[in-house]
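First to last, the sequence lines map onto chains C and E. Add 42 to a position in the first sequence, counting from 1, and you land on the number used in my numbering. Add 42 to a position in the second sequence, counting from 1, and you land on the number used in my numbering.
2 protein chains.
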Amino acid sequence: MRIDEKLTRLRELMNENSFSAYIIPTDDFHSSEYVGDYFKAREYMSGFTGSAGTLVVLQDKAALWTDGRYFLQAARQLQGSTIELMRSGQPDVPKIEEYLEKNLGEKTVIGFDGRTVTKRFVETIGDKTDAKQISFDGSKDLVDVIWTDRPPLSKKPVWELHVKYAGKSREDKIKEVRAKMQEEKADQLLVTALDEIAWLFNLRGGDIAHTPVFLSYLLLTKEQITLFAHEEIFPVQILERLTQEGVTIKPYEEIGQAVGNMPAGTKVWLDSGTVNYRLTQKVPKDVEILDQESPIVLMKAVKTPEEMRHMRAAHIKDGVAVTRFIHWLKTNVDRETVTEVGAAGKLEMLRSQMEGYLEPSFSSIIAYGPHGAIVHYAPTQESDVEMKAKSFCLADVGGHYQEGTTDITRTIALGDLTEEEKRYYTTVLRGNLALGAAKFVEGVSGQNLDVLARGPLWELGMDYNHGTGHGVGYILGVHEGPQRIHWRVAPGAKSIPLEEGMIVSDEPGLYLEGRFGIRLENLVLCRKGEKNDHGQFLYLEPLTMVPFDREAILPELMTEKELECLNRYHQRVYEALSPHLDEEEQGWLKEMTARIQ
Amino acid sequence: MRIDEKLTRLRELMNENSFSAYIIPTDDFHSSEYVGDYFKAREYMSGFTGSAGTLVVLQDKAALWTDGRYFLQAARQLQGSTIELMRSGQPDVPKIEEYLEKNLGEKTVIGFDGRTVTKRFVETIGDKTDAKQISFDGSKDLVDVIWTDRPPLSKKPVWELHVKYAGKSREDKIKEVRAKMQEEKADQLLVTALDEIAWLFNLRGGDIAHTPVFLSYLLLTKEQITLFAHEEIFPVQILERLTQEGVTIKPYEEIGQAVGNMPAGTKVWLDSGTVNYRLTQKVPKDVEILDQESPIVLMKAVKTPEEMRHMRAAHIKDGVAVTRFIHWLKTNVDRETVTEVGAAGKLEMLRSQMEGYLEPSFSSIIAYGPHGAIVHYAPTQESDVEMKAKSFCLADVGGHYQEGTTDITRTIALGDLTEEEKRYYTTVLRGNLALGAAKFVEGVSGQNLDVLARGPLWELGMDYNHGTGHGVGYILGVHEGPQRIHWRVAPGAKSIPLEEGMIVSDEPGLYLEGRFGIRLENLVLCRKGEKNDHGQFLYLEPLTMVPFDREAILPELMTEKELECLNRYHQRVYEALSPHLDEEEQGWLKEMTARIQ
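Okay, structure coming up:
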């Protein structure tokens, strides 16, 4: 079916249900960033494949909101459809709620699948539309009617992450969560975020590509631990252990009923920013809601000493694979036909040679030339191009290993660069190095440090339209909170101080539409440094071990301190990787990491 | 009366009133930062003269809370008293509310003069003490009973700031404020902050030393403008003009009655963070309160083009006076007896030679050697020391001129310095220059930029226990909000983006107790720079025009860019000041501002 046929069909169904608008967000039932195939309703209805975006369909028009990472990709993918692209955050672009308020009449109804949006999302719209007495109906999944060949819900097997990797048993984790519940006098904790559940249970699954989680809900009380999931996904041994430890498994679909049956007079802790609308609507009126972030979010972000140790090991493995990839790419781009898709395949092959490699932690971005300017470009057979021995290849790639998760971006010079290309590369690199070298006092957040990465670009009157850094899960989502590096904090959100054990990415970039893109990303681990009269100092230890491209660097634009940072990092990379490389690769890496004066 | 006698007397009065605790804050009835002599109850009762601090007296003990600027000064001034010093924000130091909760029994009463605290302050305590059913009584000013020689309320004459300086008439300002009221559907606006009232009316007064405001309250409705103030402070011409413009003057003391008489069913806009507790208690139950920051705060912070232009002129005048002062001090410290108090007098004399000079904008800090480590030290006859031709003199001084207000800190080398002194001076200077050179996109706040000033110190494992920057009023308070430069934002406070027309100070420092202090402060004006696809850029224009001390600089610790910033600034200083200097001074300034390689 063509996109416009699907929209026509949807509008018929909207008519039947008296919906004046229908909202199709990206989310699954768990507010996941990436979703399983069953949940790709927005992609199915709009043709836009990005990981963030909301489609709003009215009777006479339709629009899709997405963020800066996807402006170029969405414009391309929506071309030829009747769906208007709304570039979120740009001047003169209305918010979804403003668009609805403007275009809908009084007392109309907005429909959506209430399992795919949060209560907070609905409230945000309501704040704007209430004056027109517009109401909501979250009970109908209209896309399901149109989408006859919809894939089934995923039920991939669950596996256990050994405590030697996790560093803390699920009993201990549950004990800590219950202590937090007690502090807040909460009788029940409702957790629906899949990575929180996987982290708490030291279990991993396969229900979302690149994010080893399993479809489930958790209801935790002082006495009971109830996991709502498809029972068949648990291997027998795991099921036995869970049962021994007092965990009850109930069918995935029964969560609504369980929420509806919460005992009167109790207090439930849930986060209306992640729990889906339909579930929050089921909380009985006589149950008090404590609406705040789940205690698991911060616990999960602060890695255990074992997780930190294993993360370092995973990054050396990944560093070997990515360094080999860069060596191969720079050597062969002029000798054989190398396309983006082909290069992505080569990298996957090199990674799979590393012991303990599991899968990519997100769709590899191998973007040549102008494709590099599309922030979250992922090559497809349709978009694929051959790379030549000039300009940049931007590779933003990551993997899950038995020991942890990686996420790295390198921008690779495939031949002689122009002075301009080198100048911009060096500027982005200066930002990356400045943030990576940050030393700061306890209490400081990523909001305070972002200027270090952006400063060199701001100085040139340039910027990038994405955050500088995100947290990274331990064999979970490659993007996780609550910490992040961005000067701006979303309204209502809190600035989260960096703590020892937190991992963040350090990834400034520069994108020149139609020309090229540059992004340089290391993961760094927040560590405690000296403590003295002035306070407890923290610093960032680099986890990523892959050289920057010396052929793209103009040392004369860098300060001595910046060069010193670069040389020190390169020396560290050489020491970490060389024992795992063959002689030729070693020789090459030695050259790539030699001191720059 | 000795401090302990005063406390004994207070405890008797507390007993008579059944108060288990009595709180004496620094505030006047208007939450002013500095207060008139009538209001110096905390100073009278404790002996501590700093501009911030709260005394809490119980039957068996007493404690005084103050912030990092005053730790050393308060420790010195409380020595020998029974008052315990509480260093706010330090580890293991309880907050006032925690102290009260811990030390008071159930159902006890906390007393205070309800005009000298805000509702928010009382609520913060209540959040902690409510569980013990502790109540508040804000109706008694017990200090007034003890303080028999209390100075009267100040009634200094009001003068008018010509619209050619203010850049906007009071009619226009009131119109803008009323438009904001309309947006918020507020029927009344209650303004009690003295600088807001002075700004709105383009009037200045003399009721607080260094802050040219007049004691008053404002009640603004759609139709009426009622100013509660002592009528005798208005010169006849001003009184006539105000009357012509529809302003009603009522007695200062009648504000409580006016608040109590607000019509039922109306909505009053007030900020419970500045309006005093007793006034907020008088708002009738059937009047809705819109509790948020007054619209005047942001309007006042964004200077008009006329204010910006005049501010530059004021800073050149002040630059001439301060530069002459530095020249004099460095030349004469070894030739004659120069004490801190004497030097402060000399500076005041030099300033008063400048046309349009009004008064200091705060008590001059002239701090020699170890005194420089006391962040808000002000020399007194008792503390005064003679300066020698070695170490640093820290001079943090400012003035009100007919054209605007200045605030500058220079740390002056009085003789040969040690390498360590130079290293630290250079480090602080690097922070000052980095922040001053910041270029950033619209939306960025001081919270995002603070790291630029602190970074060089953090790198050495050092820090300073005060904000990096504050707003500055236009012939009003030398400290004003809402913008500020600090990585930390107080809980509940908002991060305020910098806008064109805002002035902030740029004043990193370093304090080594018992040895010396370094602080380098320029005022900078936020300006719009280029606007392109990446956004609207902003930059900071230096207002302060006084050279840094080249004898304290180690150029080898600075990057080329930092040296370039310094040289460019010095060239600008020379060009601005030299036309106003005599030949000898010119020659000296030429040397002081010569290029450093």
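Glycine residues also receive a C-beta, built at the ideal position from the N, C-alpha and C atoms. Being a predicted model, the structure only gives us computed values, none of them experimental.
Determine the direct distance from the alpha carbon of residue j to that of residue i, and round the result to whole angstroms.
i      : j      : result
E:T190 : E:N145 : 30 Å
C:P550 : E:K198 : 57 Å
C:N303 : C:G153 : 26 Å
E:E617 : E:H357 : 13 Å
C:S487 : C:R465 : 30 Å
C:A431 : C:E633 : 20 Å
C:L340 : C:L540 : 11 Å
C:I65  : C:L97  : 6 Å
E:A235 : E:M429 : 40 Å
C:Q525 : C:N474 : 18 Å
E:S405 : C:I216 : 57 Å
E:G147 : E:S60  : 13 Å
E:Q613 : E:F71  : 46 Å
C:Q639 : E:C435 : 40 Å
E:D169 : E:E273 : 40 Å
E:E625 : E:Y419 : 35 Å
C:G131 : C:T160 : 21 Å
C:Y611 : E:A495 : 25 Å
E:N490 : C:W529 : 6 Å
Relative to the C-alpha of residue i, which residue among the options is closest?
i      : options                           : result
E:T373 : E:W630, E:G485, E:V164 and E:Q578 : E:W630
E:R637 : E:E593, E:G571, E:L281 and E:Y419 : E:E593
C:I125 : C:K82, C:L100, C:A251 and C:E390  : C:L100
C:E143 : C:G247, C:A63 and C:T510          : C:A63
C:E9   : C:E424, C:I538 and C:D249         : Because chain C here runs from 43 to 639, residue 9 of chain C falls outside it and cannot be looked at.
C:N564 : C:E572, C:L554, C:Y294 and C:L608 : C:L608
C:G559 : C:P621, C:T469 and C:E627         : C:T469
C:G577 : E:D505, E:G577 and E:N574         : E:D505
C:P254 : C:K227, C:V77, C:R557 and C:K174  : C:V77
E:F276 : E:E218, E:Y207 and E:A240         : E:A240
When the distance is taken between beta carbons, is residue j closer than 7 Å to residue i?
i      : j      : result
C:L585 : C:L599 : no
C:I517 : C:T447 : yes
E:I176 : E:T158 : no
E:I338 : E:L261 : no
E:H369 : E:E401 : no
E:D591 : E:A455 : yes
E:I297 : E:F270 : yes
E:Y553 : E:A415 : yes
E:T365 : E:L619 : yes
C:F90  : C:A116 : yes
E:K292 : E:T268 : yes
E:F50  : E:G209 : Looking at the sequence shown, residue 50 of chain E is not Phe but Thr. Against a cut-off of 7 Å, the Cβ pair of E:G209 and E:T50 comes out as no contact.
E:V289 : E:L245 : no
C:H252 : C:S74  : no
E:A437 : E:R452 : yes
Can you give the beta carbon distance from residue i to residue j, rounded, assuming they're within the 8 Å contact cut?
i      : j      : result
E:I450 : E:V310 : Going by Cβ atoms, the distance from E:I450 to E:V310 rounds to 40 Å, so no, they are not a contact pair.
E:L120 : E:M87  : Between E:M87 and E:L120 the Cβ distance is about 12 Å, and since that is not below 8 Å, they are no contact.
C:L580 : C:E484 : 6 Å
C:V439 : C:L371 : In fact, because the Cβ distance is near 12 Å, the residues do not count as touching under 8 Å.
E:Q444 : E:G398 : 4 Å
E:S547 : E:G519 : Not quite, the Cβ-Cβ distance comes to about 13 Å (not below 8 Å), so this is no contact.
C:D229 : C:T308 : 4 Å
Do residue i and the ligand ZN come close, with the Cβ less than 6 Å from some heavy atom?
i      : result
E:I275 : Among the components of this structure there are no ligands whatsoever, and the ligand ZN is therefore not found.
Item to check | Members of the stretch 593 to 612 of chain C near chain E, C-beta cut-off 8 Å | outcome: T601, E602 and K603
Checklist entry - the stretch 479 to 491 of chain E: which residues have C-beta closer than 9 Å to a C-beta of chain C, in chain order? => result A479, A480, K481, F482, V483, G485, V486, S487, Q489, N490 and L491
Checklist entry - If you measure beta-carbon to beta-carbon, which residues of the stretch 560 to 576 of chain C are closer than 7 Å to chain E? => result E572, N574 and H576
Item to check | chain C contacts made by the stretch 268 to 281 of chain E, where a contact means CB separation under 7 Å | outcome: none
Checklist entry - Along the stretch 507 to 530 of chain E, what residues have a CB closer than 7 Å to any CB found in chain C? => result W529 and R530
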